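Here's what the structure looks like:
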């Protein structure tokens, strides 16, 4: 196996303290948003054999295993991250596989540069993702029941929101949600700024269920995404709990530290809470306008101690081992016929010849011997074939 040297991305919304605290290093004072583990060309992990991209390209079947290459091609199909949100991320959705292929081919045909700020599709892949909390973690996920959202908006006492309240009481629900989101994203900018300002003042005054939206507005004053965010379920994960985010589900991470895993894609369509491009027609084509429960995942341990976060896709499989003091001298055999990344998030875990402390990780090629021991918490990322 290979010890990974990973890149930390300094996005503006990142926490200045969470990742340094996990790694046991002094904060630099700059935001540190994400630590990437994998073979994404934008920031591949480094090993003594070269970047993980180079290692896999040199012998895909040896590193990934023949079944994974046959299923996903000669590349690692997932990207593992430590994500540290100190401020809300953009409100966004991801396309399904067919939509991604169609959108990518269309933009290629129209010769839109892949790095153009108005380009939606960077690749032809979908981007399902899973976030597992390491600390309390706040997020928005999926549309709340429209009637409940109508009550929430009505409780603000902002006259300009009354048309949205009325629409949300209409039937059918999917049409009501579509009409309200469309109205929010296409409203006159000056009128929307006034509406968001009034709603923000009311949220700050009322607190309670309105407090998350007051915080969002603090970071994005006047942004129509503040009102759009109020259409969604607010979720607070406890450590060890997770959310799976499938295609078309609007979501945003607000605050906290977590382990995130996703299919290896950059395809994001934004709804707001961002200065970046918002393609309203394409967004409305991708969003699934249906109320849904966020579906918090709580894993159960198998007999060997592995706790699996079940998801309906094959590009990644995330699980966790919590290794207690009573088993410190024992070893768990994690050998698989698929590629793995093992990440320590607490304690001290020995993986093969490497001693891992929080934030450290290794890449395990397919079929390579992978024994772990120690006292701590270890996340295991792999694929289903």
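In our numbering, the protein residues as written are 808 to 1192.
Ideal placement from N, C-alpha and C gives every residue a C-beta, glycine not left out.
All figures in this text were calculated on a predicted structure; none of them were measured in a lab.
Does DSSP put residue i in a helix, a strand or coil?
i	result
residue 878	helix
residue 1019	helix
residue 906	helix
residue 1058	strand
What is the rounded straight-line gap between the Cα of residue i and the Cα of residue j?
i	j	result
residue 1098	residue 1119	19 angstroms
residue 1029	residue 1153	40 angstroms
residue 1005	residue 965	7 angstroms
residue 920	residue 926	7 angstroms
residue 883	residue 1070	9 angstroms
residue 962	residue 1107	39 angstroms
residue 1139	residue 863	26 angstroms
residue 839	residue 1166	13 angstroms
residue 1026	residue 817	17 angstroms
residue 812	residue 1161	13 angstroms
With distance defined between alpha-carbon atoms, name the residue in the options nearest to residue i.
i	options	result
residue 981	1025, 1038 and 1128	1038
residue 1048	945, 920 and 822	945
residue 1109	1121, 1126 and 1095	1126
residue 1170	844, 925 and 880	844
residue 1177	915, 1018, 1148 and 891	1148
residue 948	1055, 995, 1013 and 1165	1055
residue 936	918, 888 and 942	888
residue 1095	851, 902 and 939	902
residue 1188	873, 1150 and 1159	1150
residue 1002	968, 1016 and 1088	968
residue 892	1133, 1059 and 1089	1059
residue 939	916, 896 and 890	890
Report, in whole angstroms, the separation of the C-beta atoms of residue i and residue j, which I expect to be a contact under 8 angstroms.
i	j	result
residue 907	residue 953	Not really, about 28 angstroms apart at Cβ, beyond 8 angstroms.
residue 1102	residue 1051	7 angstroms
residue 922	residue 1072	That belief does not hold up - the Cβ atoms of residue 922 and residue 1072 are roughly 16 angstroms apart, past 8 angstroms.
residue 1221	residue 988	Any answer about residue 1221 is impossible in this case: the structure gives the chain only from 808 up to 1192.
residue 1076	residue 1093	5 angstroms
residue 1035	residue 1078	5 angstroms
residue 1194	residue 992	Given that the chain is displayed from residue 808 to residue 1192, the structure contains no residue 1194 and the question cannot be resolved.
Buried or exposed for residue i, please, with buried defined as at least 16 other CB atoms from any protein chain shown within 10 angstroms of its CB.
i	result
residue 933	buried
residue 832	exposed
residue 1045	exposed
residue 809	buried
residue 822	buried
residue 835	exposed
residue 1067	buried
residue 867	buried
residue 1041	buried
residue 1018	exposed
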